[in-house]
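Enquirer: In my numbering, the protein residues as written are 13 to 351. First, the structure itself, so that you have it in front of you.
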């Protein structure tokens, strides 16, 4: 008989063979490991990892030969191997971590994990939900007690979309140069892709555009981070036509009477009429008193009552704004001396 059992052994194993014969007595015992040549002995060591077959028999003093017996010595010196389903990517939300452990010999007994330095727990499946870079440590133990060296992976969770702001004045002058600019930020996974369109046409950040047409413009900025979150911000602005202003009289004295503001459109647009109902000067509406003044106002000659304004001595800023008959915004700015 042998002292070998069905269990797995963690290291080298001493095999003891015991032979009995109640009559003539045992003469010799022989053994073989994995088909090697039989040698005489009753005590030897098996040290190689794996399943080893030990065959043995004894012979008594009368020459009777025992039928050969075989036992398996199972030795496991190797720790399990554990892997995770975690990749280098950023995840948009809570992430299920799956741990898979293998051991080709004695088999896996238990798997343990820790998240961000927490107390170790047993398990192979759990959820990481904290936003940011989470450190997951894990290892397994096999059925003979071999402990795997702990491994670490990073579970990167980004639940927040990028931020986008467009520092842009809502009104721009016709003919001015416009720079496509914005501020995009993402404090976790980082910006992965950016697109910019102006009135549906694709541009790049920093491109300079000459605003050669009046009217409404739509600037659309789309930013995507490495986790796949997308933020889209649209900003509308108006391109207005600049008019030059002449104020008569050139010096405002007193608070009584009427003064005239003459607005001149740029070259090539002089034939367009003003929509008088939309015109204001420093917030005061143009209000022609008769049809004759209406016709003059349509051509850009506006009359205002001095008493409708608050005057302070010195240079006073005036802003005339409104729409032309084609709906485009116009703005004119000047100063007038007040005494």
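For every residue, glycine included, the Cβ atom is placed at its ideal position computed from N, Cα and C. Nothing here was measured: the structure is a model prediction, and the numbers come from that model.
Would you mind working out which of 162, 90, 101 and 233 sits nearest residue 195, comparing C-alpha positions?
Expert: Locating residue 195 in the chain shown gives position 183, counting from the first residue. It is 233.
Enquirer: Return the first residue and the last residue of the alpha helix (DSSP H) that residue 62 is part of.
Expert: Mapped onto the chain shown, residue 62 falls at position 50. Note, residue 62: premise wrong, no alpha helix (DSSP H); beta strand (DSSP E) at 62-72.
Enquirer: Go ahead and pull the three-state DSSP assignment for residue 320.
Expert: Within the chain shown, numbered from 1, the residue matching residue 320 stands at position 308. Helix at residue 320.
Enquirer: Between the alpha carbons of residue 145 and residue 166, how many angstroms are there, rounded?
Expert: Position 133 of the chain shown, counting from 1, holds the residue named residue 145. Position 154 of the chain shown, counting from 1, holds the residue named residue 166. Residue 145 and residue 166: Cα-Cα distance of roughly 6 Å.
Enquirer: Which term fits residue 197, buried or exposed, when burial requires 16 or more other beta carbons within 10 angstroms of its beta carbon?
Expert: In the chain shown, the residue the question calls residue 197 occupies position 185. Result: exposed.
Enquirer: Would you check if there are 3 or more beta carbon pairs closer than 8 Å linking the region 314-326 to the region 295-304?
Expert: yes
Enquirer: Over what stretch of residues does the beta strand (DSSP E) that includes residue 185 continue unbroken?
Expert: As a working mapping, residue 185 is identified with position 173 in the chain shown. Residue 185 -> beta strand (DSSP E) spans 183-185.
Enquirer: Quick one: any contact between the region 112-132 and the region 145-154, if contact means 3 or more CB pairs under 8 Å?
Expert: yes
Enquirer: Could you check the C-alpha separation between residue 187 and residue 279 for me, to the nearest Å?
Expert: In the chain shown, residue 187 corresponds to position 175, counting from 1. In the chain shown, residue 279 corresponds to position 267, counting from 1. Cα to Cα, residue 187 sits roughly 13 Å from residue 279.
Enquirer: Here's the rule: buried if 16 or more other CB atoms are within 10 angstroms of the residue's CB, otherwise exposed. What is residue 334?
Expert: Position 322 of the chain shown, counted from the start, is the residue given in the question as residue 334. Residue 334 is buried by the Cβ-count criterion.
Enquirer: Taking the Cβ atom as the reference point for each residue, do residue 61 and residue 15 lie within a distance shorter than 8 Å?
Expert: If you number the chain shown from 1, residue 61 lands on position 49. If you number the chain shown from 1, residue 15 lands on position 3. No, the Cβ-Cβ distance between residue 61 and residue 15 is not below 8 Å.
Enquirer: To the nearest angstrom, how far is the alpha carbon of residue 75 from that of residue 69?
Expert: Here residue 75 is taken as the residue at index 63 of the chain shown, counted from 1. Here residue 69 is taken as the residue at index 57 of the chain shown, counted from 1. Cα to Cα, the separation comes out at about 12 Å.
Enquirer: Give the range of the beta strand (DSSP E) segment to which residue 227 is assigned.
Expert: Taking the first residue of the chain shown as position 1, residue 227 is located at position 215. For residue 227, the enclosing beta strand (DSSP E) begins and ends at 227-237.
Enquirer: Identify the continuous alpha helix (DSSP H) that holds residue 308 and give its terminal residues.
Expert: Your numbering for residue 308 matches position 296 in the chain shown. Note, residue 308: alpha helix (DSSP H), 303-310.
Enquirer: So, under 8 Å CB-CB, residue 51 and residue 72 are touching, yes? Tell me the CB distance rounded to an integer number of Å.
Expert: Locating residue 51 in the chain shown gives position 39, where the first residue counts as 1. Locating residue 72 in the chain shown gives position 60, where the first residue counts as 1. Residue 51 to residue 72, Cβ: 19 Å. No contact.
Enquirer: Using CA coordinates, which residue listed in 23, 24, 25 and 42 is at the minimum distance from residue 31?
Expert: Counted from its first residue, the chain shown places residue 31 at position 19. Checking every option, the nearest Cα to that of residue 31 belongs to 42.
Enquirer: Quick one: Cα of residue 336 to Cα of residue 182, how far?
Expert: Numbered from its first residue, the chain shown carries residue 336 at position 324. Numbered from its first residue, the chain shown carries residue 182 at position 170. Near 19 Å, if we compare the C-alpha coordinates of residue 182 and residue 336.
Enquirer: Tell me the residue span of the beta strand (DSSP E) that contains residue 121.
Expert: Against the chain shown, residue 121 aligns to sequence position 109. Run containing residue 121: 120-127, per the beta strand (DSSP E) assignment.
Enquirer: Answer with buried or exposed for residue 201, where buried requires no fewer than 16 other C-beta atoms within 10 angstroms of its C-beta.
Expert: Taking the first residue of the chain shown as position 1, residue 201 is located at position 189. The residue is buried, with at least 16 neighbouring Cβ atoms inside 10 Å.
Enquirer: Between the region 259-273 and the region 204-216, are three or more C-beta pairs nearer than 8 Å?
Expert: no
Enquirer: Give the secondary structure of residue 109 by DSSP, where H, G and I count as helix, E and B as strand, and everything else as coil.
Expert: In the chain shown, counting from the first residue as 1, residue 109 sits at position 97. DSSP places residue 109 in strand when its eight states are reduced to three.
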